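Data first, discussion second: the structure below is written as structure tokens.
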Amino acid sequence: MPLTSTISFETALTKNMEDNAWVAVAFDVPAGAYMEVSNATDLPNSSAGSTVHPEHSFITSTNWGCGVRGVVRQRVSWGETENVTQEMLDAHNSVMQAALAGTSMTYEYVDVDLNARTALCETVMPIDATLDWRTSPSPWAFTVPNMTSRATLMSGNHYICTTVIAPSWQDWTNDTKDIEPNGSLTIDRVAGASSVYLVFSDDVTTSSGATLSRGVTYSQTSPSLEVTAGSAGAFVVRVSG
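This is the structure:
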């Protein structure tokens with residue numbers, strides 16, 4: 286799974302979670318920065334990787350890189366041997382529309398050229414505290430063999446890449462939740478998890494008055510933790526295993 290990125294994940298911001306796993310963090314990412322993945326079907330089908338849609342083998346759910354908000358444009362291209370049809374893209378669009386119904390998020394194909402074997406889609410992912418915990422801001426991806434996918438940030442953003450790298454990464458899961466400006470969130474510890482780690486996109490304050498800084502990996506040992514965001518709001522990524 287070759288990966289190319291113009292998003293700078295600085296070594297100092299790559300978080301080692303007590304030698305169990307790692308999470309990469311980047312802040313103030315400029316508009317136009319991108320991550321490009323080739324052969325995305327190489328991603329493992331597991332709780333920490335991808336799962337296949339029950340009705341469509343070319344649609345997968347993934348929680349890789351779940352910590353991103355804003356406007357993202359994704360261009361996918363596929364090889365000559367892949368018989369991608371408009372019906373397949375329409376099916377993916379229908380699945381996305383159903384998944385995002387009732388939320389503030391939007392998704393659309395803005396350009397499709399089957400002759401050139403490319404498609405361009407746009408996802409708008411604002412901070413929305415009404416949404417529950419979820420494994421990814423964008424729940425379903427169109428995925429076929431020999432495909433290249435480039436996701437470009439159309440607005441400056443934070444990016445928390447929560448791909449877990451560890452010998453037992455199959456046992457880890459990621460999810461994310463938004464906190465409205467000046468709003469509070471009670472984070473319950475994941476039941477049955479041996480370890481739970483939290484990474485925040487912006488500074489938040491605990492009920493005891495302590496500041497949890499953006500980009501720092503915190504181990505959650507208490508059954509619950511209440512935090513309050515500042516005027517810009519925030520989101521949290523939770524890694525548990």
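If you want our numbering, it's the position in the sequence shown, counting the first as 1, plus 285.
Think of the CB as a built atom: it goes at the ideal place given N, C-alpha and C, for glycine as much as any other residue.
Just so it is clear, the structure is predicted and the values come from calculations on it, not from any experiment.
Just to confirm, is the Cβ distance from residue i to residue j under 8 angstroms?
i    : j    : result
P411 : R354 : yes
T490 : T496 : yes
S525 : W457 : yes
Quick one: Cα of residue i to Cα of residue j, how far?
i    : j    : result
S509 : W363 : 45 angstroms
D460 : E393 : 24 angstroms
G515 : N467 : 5 angstroms
E321 : M432 : 11 angstroms
V380 : M373 : 11 angstroms
T336 : S421 : 12 angstroms
L399 : D375 : 13 angstroms
E465 : N368 : 43 angstroms
H338 : T403 : 22 angstroms
R499 : A316 : 20 angstroms
F520 : R419 : 12 angstroms
T415 : E365 : 42 angstroms
G494 : Q371 : 54 angstroms
A386 : K462 : 18 angstroms
V512 : T391 : 28 angstroms
T471 : D488 : 15 angstroms
V361 : S492 : 44 angstroms
S346 : A401 : 26 angstroms
S342 : H377 : 11 angstroms
Tell me which residues share the same chain as residue i and place their Cβ nearer than 8 angstroms to its Cβ, disregarding the 5 neighbours each side in the sequence.
i    : result
Q359 : L405, C406, E407, T408, S434, R435, A436, T437
V356 : E407, T408, V409, M410, L438, M439, S440
A384 : P424, W425
A297 : In this predicted model, A297 has a pLDDT of only 43, less than 50, meaning its place in the structure is not dependable enough to derive any value.
S479 : G526
Name, in chain order, the residues that DSSP records as bridge partners for residue i.
i    : result
E372 : Paired residue(s): none; E372 is not in a bridge.
D398 : T403
I292 : Bridge partners of I292: none, in fact.
D487 : According to DSSP, D487 bridges with nothing at all.
E393 : E407
F520 : D463
Hey, out of the options, whose CA is closest to residue i's CA?
i    : options                : result
S469 : R499, G518, L385       : G518
E340 : F427, T420, L288       : F427
F485 : S504, T458, S479       : S504
S423 : E511, I344, V314, L483 : I344
G352 : T391, A383, A309       : A309
G477 : T506, L483, D487, S492 : T506
Nearest chain C C-beta to residue i closer than 8 angstroms, yes or no?
i    : result
T496 : The structure shown has no chain C; it contains just one protein chain.
Ignore the nearest five residues each way along the sequence and tell me which others in residue i's own chain have a CB closer than 6 angstroms to its CB.
i    : result
D396 : L405
T289 : E321
R523 : D460, L483
Q382 : none
Among the residues of its own chain, which have a CB less than 7 angstroms from the CB of residue i, if the five just before and after it don't count?
i    : result
I292 : A311, V314, A318, M320, Y444
T388 : D413, L416
Is the closest heavy atom of the ligand GDP to the C-beta of residue i under 7 angstroms?
i    : result
M410 : Within the structure as shown, the ligand GDP is missing, as the structure has no ligands at all.
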